[in-house]
Amino acid sequence: MPFSPPPAAGALKAHWEKLTPRLVGLKGQKAYDNWLAWIEPVGHQDGTVTLALPNKFMRDWIKNNYGADIGALLCQSLPHVSDIRWVVHASDAKPAPTRQPDGAGAAADGHRGPRGRFGTPLDERFTFDSFVVGRPNQFCYAAARKVAELQHVEFNPLFIYGGVGLGKTHLMHAIAWEAVRINPRLKLLYLSAERFMYAFINALRYDNILQFKEKMRSVDLLLIDDMHFLVGKESTQEEFFHLFNYLIDNGKQIVLSADRAPGDIEGLEERIKSRLAWGLVADVHPTDYELRLSILELKAQRLRTAIPDDVLGFLAKHITANVRELEGALTRVVAHAQLTHVAITLELARTVLQDILRANNRKITIEDIQKATAEHYNIRLADMLSARRERGIVRPRQVAMYMAKKLTTLSLPDIARAFRGRDHTTVLYAVNRIDELRQVDNGLEADIRMLTRRLEG
């Protein structure tokens, strides 16, 4: 094999840029934006490439979680590379001076994010036009459109919450796209809470906190996704608290999202919870059959593929977890049909989606729990869902709420709505109360074990 000399530092960086699509394909866009985009190739010597990160935490995390794949990728694309050296900028990053005539191997400027990017790029697919509206998400959609106009700051902050894959991030991107369309000069910043934290850490690491604050406070519209990520991050919560107050006091719009309501985010400071509830808190409800069918019809149009109505109806009925899984199921069926040159039929869908269908068939619904609990305690389901306060009704109702919290992924407000619109604090009380009683009441403990076995089959 002919000898292939190691590239100069400039060529090494250019080669690293070419690897970006492969890194995204290997680990996904989110992992790349949050972690891998911070990697900077700073030098090479004797077959070892040196990769630098802004701080020790990021270096250790990326090395432990992505190091093997990155090493394999570099070794495959550059035959002379046999090892990776992971360092921190401006400390132990000292690339060898050989073969670097342009001096480009020096430690990268730690005062900026990768390629100057601070926020997270917006996804062109996630607009209001591509968002399918139905009864479960109509309120959130209307609130998001109103906020995007930015004519009068009425809902500030707008806090959107709901389960995984229900459209929170789609609405966040849609707000940003619409706001910029209306006002091209608008200063907006969209990022995840995770990226906010690491930008804050990076600013502290490089003694650049004033520029960080100026950048964050200069925006007209701030959108932060996955606020629950800040749980337990006390310093980052403190910084967010002051940023929140500054933007609100200056009439700037804030839009936030999380997987649960502000009051249900344990580990978030009470003063932050209080402020998050100042504006409008909007819940993206789980999809119903009609909405899932509409989503599938739109997805089929985008795939430019004719899908039989019975197949769409079958998917809408049986794939109920979230929108991502629903769209992924349709994509899988279409891809299988195209690659194997067969027609899309109900039988094909059943065969291709066996694993997903089995998983969904095992899922326990709150209706299953309510019915099983009422039957176990020999009471009418209507009575358990009513406002009656007799002990013989209240205790089974609390047990059902407790089981719903333990055996489903529903939020407290979702469970409360399933019990005829009760407040989520009632559900929280029931869960805590049953937890306490299980420790001292053997009969109740036996009831819950029996119900669990029955529901889990």
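At position 161 of the sequence shown the residue is numbered 229 (the numbering used here), and the sequence of numbers has no breaks.
Built from N, CA and C at the ideal position, the CB exists for glycine as well.
Quick caveat, the model's predicted, so the values are computed rather than measured.
Put simply, of 132, 523, 222 the residue whose alpha carbon is nearest the alpha carbon of residue 347 is 222. The C-alpha of residue 143 lies about 49 Å from the C-alpha of residue 331. Contact annotation, residue 468 with residue 438: C-beta distance approximately 5 Å; criterion of less than 8 Å satisfied. Here the alpha carbon of residue 395 sits roughly 38 Å from the alpha carbon of residue 444. If you ignore the 5 residues before and after residue 190, its C-beta comes within less than 7 Å of the C-beta of 241, 244, 245, 258, all in its own chain and listed in chain order.
In this model, residue 423 and residue 382 are separated by some 15 Å (Cα to Cα).
Rounded to whole angstroms, the separation of the alpha carbons of residue 385 and residue 516 is 30 Å.
Excluding its 5 nearest sequence neighbours in each direction, residue 399 has C-beta neighbours in its own chain below 8 Å: 367, 371, listed in chain order. Look at residue 330 here: in three-state DSSP terms it is helix. Assigned with DSSP and collapsed to three states, residue 154 falls in strand. Under the criterion of beta carbons closer than 8 Å, residue 288 and residue 260 do not qualify as touching, at roughly 20 Å. By the Cβ criterion, the region 297–316 is not in contact with the region 204–211, since fewer than three pairs of Cβ atoms, one from each stretch, lie closer than 8 Å.
Pairing residue 380 with residue 215, the inter-Cα distance amounts to about 34 Å.
Between residue 325 and residue 202, the C-beta spacing is not below 8 Å.
In this structure, residue 152 keeps its C-beta atom at 8 Å or more from the C-beta atom of residue 110.
Annotation note: the region 381–412 contains the following uninterrupted alpha helix (DSSP H) runs of length 4 or greater, listed N- to C-terminal: 391–408.
Using a C-beta cut-off of 8 Å, the region 466–483 makes contact with the region 492–500, since at least three inter-stretch Cβ pairs fall below that distance. Counting of Cβ neighbours within 10 angstroms places residue 441 among the buried residues, the total reaching 16 or more. Rounded to whole angstroms, the separation of the alpha carbons of residue 317 and residue 507 is 48 Å. If you draw a straight line from the Cα of residue 251 to the Cα of residue 129, it is about 39 Å long.
Segment contact: the region 217–237 against the region 352–362, three or more CB-CB distances shorter than 8 Å; contact assigned. For residue 431 and residue 476, the gap between their C-alpha atoms comes out near 8 Å. Look at residue 290 here: in three-state DSSP terms it is strand. Judged by their CB atoms, residue 269 and residue 305 are not nearer to each other than the 8 Å cut-off. Ranked by Cα distance from residue 212, the first of 122, 235, 114 is 235.
In its own chain, leaving out the 5 sequence neighbours on each side, no residue places its CB closer than 6 Å to the CB of residue 85. Looking at 93, 188, 492, the one whose alpha-carbon comes closest to that of residue 106 is 188.
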